[in-house]
Amino acid sequence: MLIKLLTKIFIKNSDDVKNPSVRTAYGVFGGILGIICNVILFVIKTIIGTAINSIAIISDAFNNLSDIGSSAVTLIGAKLSSQRPDKEHPFGHGRIEYISSLIVSFIIISVGLELIKSSFEKILHPVAPAYNLVMIIILIISVLIKLWMFFSMRYLGNKIDSEVLKATSSDSLSDVVATSAVILSVILCKFLPPVVDGIAGLIVAVLICITGVRVAWNTISTLLGSSPDPALAKAITKILFSNREILGIHDLIIHDYGPGRILASVHAEVSCEKSAIMLHEIIDALEVQILNETGVETVIHTDPILVGCEKIDAVKETVKSIITQINPELGMHDFRMTDGKNRINLIFDLEVPFSLTDEEKKNTIRLISENLKQENPIYYPVIRVDYKQQY
Numbered sequence: 001m002l003i004k005l006l007t008k009i010f011i012k013n014s015d016d017v018k019n020p021s022v023r024t025a026y027g028v029f030g031g032i033l034g035i036i037c038n039v040i041l042f043v044i045k046t047i048i049g050t051a052i053n054s055i056a057i058i059s060d061a062f063n064n065l066s067d068i069g070s071s072a073v074t075l076i077g078a079k080l081s082s083q084r085p086d087k088e089h090p091f092g093h094g095r096i097e098y099i100s101s102l103i104v105s106f107i108i109i110s111v112g113l114e115l116i117k118s119s120f121e122k123i124l125h126p127v128a129p130a131y132n133l134v135m136i137i138i139l140i141i142s143v144l145i146k147l148w149m150f151f152s153m154r155y156l157g158n159k160i161d162s163e164v165l166k167a168t169s170s171d172s173l174s175d176v177v178a179t180s181a182v183i184l185s186v187i188l189c190k191f192l193p194p195v196v197d198g199i200a201g202l203i204v205a206v207l208i209c210i211t212g213v214r215v216a217w218n219t220i221s222t223l224l225g226s227s228p229d230p231a232l233a234k235a236i237t238k239i240l241f242s243n244r245e246i247l248g249i250h251d252l253i254i255h256d257y258g259p260g261r262i263l264a265s266v267h268a269e270v271s272c273e274k275s276a277i278m279l280h281e282i283i284d285a286l287e288v289q290i291l292n293e294t295g296v297e298t299v300i301h302t303d304p305i306l307v308g309c310e311k312i313d314a315v316k317e318t319v320k321s322i323i324t325q326i327n328p329e330l331g332m333h334d335f336r337m338t339d340g341k342n343r344i345n346l347i348f349d350l351e352v353p354f355s356l357t358d359e360e361k362k363n364t365i366r367l368i369s370e371n372l373k374q375e376n377p378i379y380y381p382v383i384r385v386d387y388k389q390q391y
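Residues in the sequence shown are numbered consecutively from 1, following UniProt numbering.
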């Protein structure tokens with residue numbers, strides 16, 4: 001594969017993708033590669049589109065012009081996001097890459113909207129484009145170049161888990177479809193009314209806008225705090241449960257400060273009978289193991305629980321049974337039981353799915369409390385609602 005060969009030639013230690021300098025080199029390489037390819041395509045398509053008076057081809061050329069801007073943003077973003085943490089930004093500047101991706105999406109959308117306007121004008125005042133076989137062949141070559149760019153940017157993006165390079169890859173694929181539509185419109189205009197050219201240009205413009213909106217939405221979702229990568233969550237969970245002193249986990253929260261800058265926190269249930277010193281050593285070792293194997297800096301909070309008490313275990317199972325009967329999607333953790341003056345406090349966190357409304361949460365808590373009091377009138381539930389996580 002050519003892109004693999006190029007990365008080995010131009011990127012030192014290209015296989016060490018966890019190295020920040022190597023990761024930056026990948027981003028810079030992808031940006032430069034995108035600029036070179038898109039400049040070539042923009043010049044070729046502008047010349048052809050002007051020569052044969054085709055708004056569809058000119059639209060496609062300006063799509064490549066927007067791609068040049070996108071590649072420049074990728075290049076600058078790769079450099080800025082690699083800056084070391086400082087006093088004002090103790091978690092580094094990795095999210096600049098997400099901001100770069102957002103800027104790319106705005107460029108794509110603005111170009112698409114302008115080309116929609118041009119295409120409508122062409123539909124209202126159609127002019128048949130001239131064409132020849134040489135021009136068709138050149139456009140086909142541009143499709144092949146964009147197809148190569150799609151595979152190359154996807155490879156680079158997956159290699160270093162870069163959102164902006166993945167966005168560039170998606171943009172290249174939409175360009176393949178768009179230019180193919182242009183070729184088809186130029187051919188069809190020989191047999192159909194010239195308005196086909198304007199319609200094809202409109203289709204291309206809409207595809208550009210759709211790509212921009214999709215990139216923007218994915219980036220905004222990440223910046224707002226999207227769900228963690230299930231594979232990463234499972235990897236952390238597997239490491240935690242590899243130690244038999246960890247009896248259960250909950251509240252795993254993963255904070256994304258940009259690629260290669262991920263922090264996590266988790267509550268680990270441990271026996272209250274174990275010594276604090278021993279548990280501290282176990283937790284320290286697990287945090288180091290998670291960092292070495294996943295690259296995630298983790299803070300583990302220990303939740304001591306009483307193990308082997310038949311009375312508490314029996315009540316706990318009763319609570320679990322009631323919760324499951326009310327809604328199988330519910331869960332529970334951090335269960336404790338304390339004796340009050342005239343009551344027994346049952347303290348636990350109720351795990352609910354994100355789909356539950358506030359009213360449904362209140363009704364669920366009421367049903368749980370009623371069922372527990374039917375089991376024993378002196379049971380007094382103290383329930384804290386928590387969202388159920390999948391890992």
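Using N, Cα and C, we set each Cβ at its ideal position, and we do this for glycine too.
Check: If we count Cβ pairs, one from each stretch, closer than 8 Å, do we get three or more for the segment 149 to 164 versus the segment 183 to 203?; Outcome: no
Check: Please confirm if the segment 228 to 243 is in contact with the segment 72 to 92, defined as three or more CB-CB distances below 8 Å between the two stretches.; Outcome: no
Check: Pull up the DSSP beta-bridge partners for Ala268, would you.; Outcome: Ile249, Thr302
Check: Do the segment 320 to 336 and the segment 361 to 371 touch if we need at least three Cβ pairs shorter than 8 Å?; Outcome: yes
Check: May I ask you to report which of helix, strand or coil DSSP gives Phe335?; Outcome: strand
Check: How many whole angstroms separate the CB atoms of Leu165 and Gly27, which I take to be in contact at a CB cut-off of 8 Å?; Outcome: 7 Å
Check: I need the straight-line Cα distance from Ile36 to Ser71, nearest angstrom please.; Outcome: 9 Å
Check: Can you give, in chain order, each stretch of the alpha helix (DSSP H) that sits fully within the segment 346 to 380 and has at least 4 residues?; Outcome: 358 to 375
Check: Under 7 Å, do Phe191 and Ser169 count as touching if we go by C-beta distance?; Outcome: no
Check: Tell me where the alpha helix (DSSP H) around Lys166 begins and ends.; Outcome: 163 to 188
Check: Would you identify the three-state DSSP class for Leu330, choosing helix, strand or coil?; Outcome: coil
Check: Go to Leu115, then tell me how far its alpha helix (DSSP H) extends in each direction, as first and last residue.; Outcome: 96 to 124
Check: Within the continuous alpha helix (DSSP H) that includes Lys238, where are the two ends?; Outcome: 230 to 241
Check: Measure from the alpha carbon of Tyr257 to the alpha carbon of each residue in Val215, Gln83, Val307, then state which is nearest.; Outcome: Gln83
Check: Could you tell me whether the segment 192 to 205 touches the segment 242 to 253, where touching means 3 or more Cβ pairs closer than 8 Å?; Outcome: no
Check: Distance check for Lys234 and Cys272, CA to CA, integer angstroms please.; Outcome: 26 Å
Check: Are residue 439 and Tyr98 closer than 7 Å when you measure CB to CB?; Outcome: Missing from the structure shown is residue 439; the chain here goes from 1 to 391 and no further.
Check: How big is the Cα-Cα spacing for Val352 and Val307?; Outcome: 25 Å
Check: Which of the three DSSP states, helix, strand or coil, is assigned to Val288?; Outcome: helix
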